[in-house]
Structure formats: structure tokens, C-alpha cells
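Just add 4 to wherever you are in the sequence shown, counting from 1, and you've got our numbering. Note that CB positions come from ideal geometry on N, CA and C, so glycine has one too. Just so we're clear, the structure is a prediction, and the values are computed from it rather than from any experiment. Read the structure below first, then the notes.
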Amino acid sequence: MNNTFSLGGDLTINRLGFGAMRLAGAESGIAVLRRAVELGVNHIDTAAFYGRGTVWANDLIRTALTPYREDLVIATKVGPLPGPDGLPTGRGAADQLRGLVEADLRTLGVDRLDLVYLRANGAPGSESIADRFAVLAELRAQGVIRHLGVSHVDAAQLAEARAIAPVVAVQNLHTPDRSLLEVCEEAGIAYVPYFPLGGGIYPLEGLDDEAARLGVTVAQVQLARLLASSPSVLAIPGTGSVEHLEENMAANSALR
5 MNNTFSLGGD
15 LTINRLGFGA
25 MRLAGAESGI
35 AVLRRAVELG
45 VNHIDTAAFY
55 GRGTVWANDL
65 IRTALTPYRE
75 DLVIATKVGP
85 LPGPDGLPTG
95 RGAADQLRGL
105 VEADLRTLGV
115 DRLDLVYLRA
125 NGAPGSESIA
135 DRFAVLAELR
145 AQGVIRHLGV
155 SHVDAAQLAE
165 ARAIAPVVAV
175 QNLHTPDRSL
185 LEVCEEAGIA
195 YVPYFPLGGG
205 IYPLEGLDDE
215 AARLGVTVAQ
225 VQLARLLASS
235 PSVLAIPGTG
245 SVEHLEENMA
255 ANSALR
């Protein structure tokens, strides 16, 4: 199994990366990030709306990892805005996206963002993303963004975006449906399922026997299966624990 992926044809990243959404308190978050890079992670997925109170993922990433390694790819996403409860349930309009991108540049401490996803609102397929994606395409043309992705989309929205500018990655909720993955495989687009370990939304069932037979964890089996399912799949499990991070990073060898 190939453990790397060529993102956009010019960024080689390890297919087992790290998702920053579940970073816990500041001290443990910094330790997890530094250990992740030590273990070979060079793809970190984040967003400005990952955090609460005084602990925000972008701030932790900048504190823990600057100066950034040359091979480190940081992906972020824009589109949602905080709602009244602080959760990212609001919708950023097209004329607000530049400001959101500039905020990511500032909080991450970079001059250019490696990968920016436009995260669609509502159920996949429920809105046109053309006007908002066009704003990100313009920022890419200006050199502010290196590569573009889309998140929480269906095949029609992906096609809509690709008609405007190249799309190098799709980030959707992990499901058994392979239809969009097959589109990505054919086009050389990375497919990045979020909540690959359930995220508390769904249980990982039917893996206990295999995990026991192999002497590994259920999470390791799930991640290994995910990576083996397609060379286009990137996994971004998140955790606030160094111990769980180390378990997740061992998934590459769980089924060998």
C-alpha cells in the first residue's frame, strides 16, 4: 500500500494525517501536535472555527509548530460562521470569504495557505457553491491560496467547483457510499473523510473480533481498512491524547 499521496501534483503528503478539531486544552494540544509531527504527520487539517473559549486549533498549531517544516501541509476550511450558540452554524457570504481567509493567514502565521476547502452549508447538494467558490479561485490566482478543496458536497457541487478552478481534495463525512470517492479516484482528487473513527456519531461495529485476532485496537483496524480502501483516501483522525495519537499512527501496520 502506498502511504503517500501527491496533492495537487506538487505536495507529497502522508496519507495518515491529523485532524485538529478534537484538540483539548492548550497544554495537551501542543504536546499532541508536536508528537504528531515527530511520528511523521505532514498533513494537518484545521479550521478557524475549531475551538471554544480561549483554546483555538489555529493558535495551537502556530504555537506548537512554528517555524513550520518545509514539508508540512496545513489544510483549512472556510464558509461556516459562528451562530448564536458559538457553533459554526451560520453561513459566510461570498463577500465575507476573503476576510475569513485573511484571518486564517494571520492565526496560522503564514503568507500563503496550502489548501483551503469551501465548506458548503446544509445537506450536500442543497445549494449552489459557484459564487463562493469563485472568490476562493480568485484568491488562488492571486497567490494567497495554493490549492482548493470542497467539503460537505455532492457530485454536482464538485463538478460546479471544478468548472471554476482545479479542485485537489474533497472532505465529506465518512460513509459507506463510494460514489463520490470513485469520481475523485478518476480525477486524481484526494478524498478526505472526516469522523473516520465515528466522532461519537456512530459506533464502530463488527471490528472487535478482527482487532482481537490481530492484537490491535478497533480504531487501528478501522483506519487501516480506510486507507486500504482506495489510494485516493486520506485519513485525518483527531485526538487530544498523545497515547491515542500514537495508537492511531500505528494503523498503517495494523493489517500487515
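N-terminal and C-terminal residue of the alpha helix (DSSP H) that residue i is part of
i                 : result
aspartate 63      : 61–69
glycine 103       : 98–112
phenylalanine 137 : 134–145
asparagine 252    : 246–253
valine 222        : 222–232
aspartate 212     : 212–218
leucine 162       : 159–166
C-beta neighbour in chain B for residue i, strict 8 Å
i            : result
threonine 80 : Among the chains of the structure shown, chain B does not appear; only one protein chain is present.
Assumed close pair residue i, residue j - CB separation to whole angstroms, cut-off 8 Å
i                : j             : result
glycine 33       : leucine 27    : 4 Å
arginine 102     : valine 154    : Actually they are not in contact, since the Cβ atoms of arginine 102 and valine 154 sit about 18 Å apart, beyond 8 Å.
alanine 255      : leucine 227   : 4 Å
leucine 76       : asparagine 46 : 5 Å
asparagine 62    : threonine 50  : 6 Å
arginine 56      : glycine 90    : 7 Å
alanine 262      : methionine 5  : Residue 262 lies beyond the residue range present for the chain, which begins at 5 and ends at 260; the question has no answer from this structure.
alanine 104      : glycine 96    : The residue you asked about is not alanine; residue 104 is leucine in the sequence shown. Between glycine 96 and leucine 104 the Cβ distance is about 6 Å, and since that is below 8 Å, they are a contact.
phenylalanine 53 : proline 92    : 4 Å
Coil, strand or helix - residue i by DSSP
i              : result
alanine 3      : Residue 3 lies beyond the stretch modelled for the chain, which goes from 5 to 260, so this question has no answer here.
leucine 315    : This structure does not reach residue 315, given that the chain is present from 5 up to 260, and the question cannot be answered.
glycine 1      : For residue 1 there is no data in the structure shown, the boundaries of the chain being 5 and 260.
serine 130     : coil
serine 183     : helix
asparagine 256 : helix
arginine 38    : helix
arginine 26    : helix
For residue i, the nearest candidate out of the options (CA to CA)
i             : options                        : result
alanine 107   : Ile149, Pro88, Ala127, Gly87   : Ile149
alanine 160   : Leu152, Leu184, Met253         : Leu184
arginine 66   : Asn6, Gln100, Asp115, Thr93    : Asp115
alanine 35    : Tyr72, Glu247, His156          : Glu247
alanine 145   : Pro170, Leu37, Pro241          : Pro170
proline 235   : Asn176, Gly113, Glu186, His151 : Glu186
glutamate 190 : Ala165, Gly23, Val172          : Val172
aspartate 14  : Ser245, Val59, Ala194, Ala52   : Ala194
leucine 162   : Glu131, Gly147, Glu142         : Glu131
histidine 151 : Val157, Asp158, Phe137, Glu164 : Phe137
glutamine 100 : Ala68, Asp135, Arg73, Pro88    : Asp135
proline 241   : Thr221, Gly219, Glu42, Pro200  : Pro200
proline 133   : Thr111, Leu112, Asp158, Arg110 : Reading off the sequence shown, one finds isoleucine at residue 133, where the question assumed proline. Ranking Thr111, Leu112, Asp158, Arg110 by Cα distance to isoleucine 133 puts Asp158 first.
arginine 141  : Val196, Ile17, Cys188, Ala167  : Per the sequence presented here, residue 141 reads as alanine, with arginine not at that position. Of Val196, Ile17, Cys188, Ala167, the residue nearest in Cα terms is Ala167.
glutamate 250 : Met25, Gly44, Gly126, Asn125   : Gly44
leucine 143   : Gly192, Leu117, Glu74          : Leu117
Continuous beta strand (DSSP E) stretch holding residue i: start and end
i               : result
alanine 173     : 173–177
alanine 272     : The displayed coordinates of the chain run from 5 to 260. Any statement about residue 272 would go beyond what the structure contains.
isoleucine 240  : Taken as a continuous stretch (DSSP letters only), isoleucine 240 belongs to no beta strand (DSSP E), as it is neither H nor E.
histidine 151   : 149–155
aspartate 118   : 117–123
phenylalanine 9 : 8–11
threonine 16    : 15–18
Touching by the beta-carbon criterion (3+ pairs, under 8 Å), the region 179–186 and the region 210–230: no
Touch test, the region 119–127 against the region 69–85, Cβ-Cβ under 8 Å, three pairs minimum: yes
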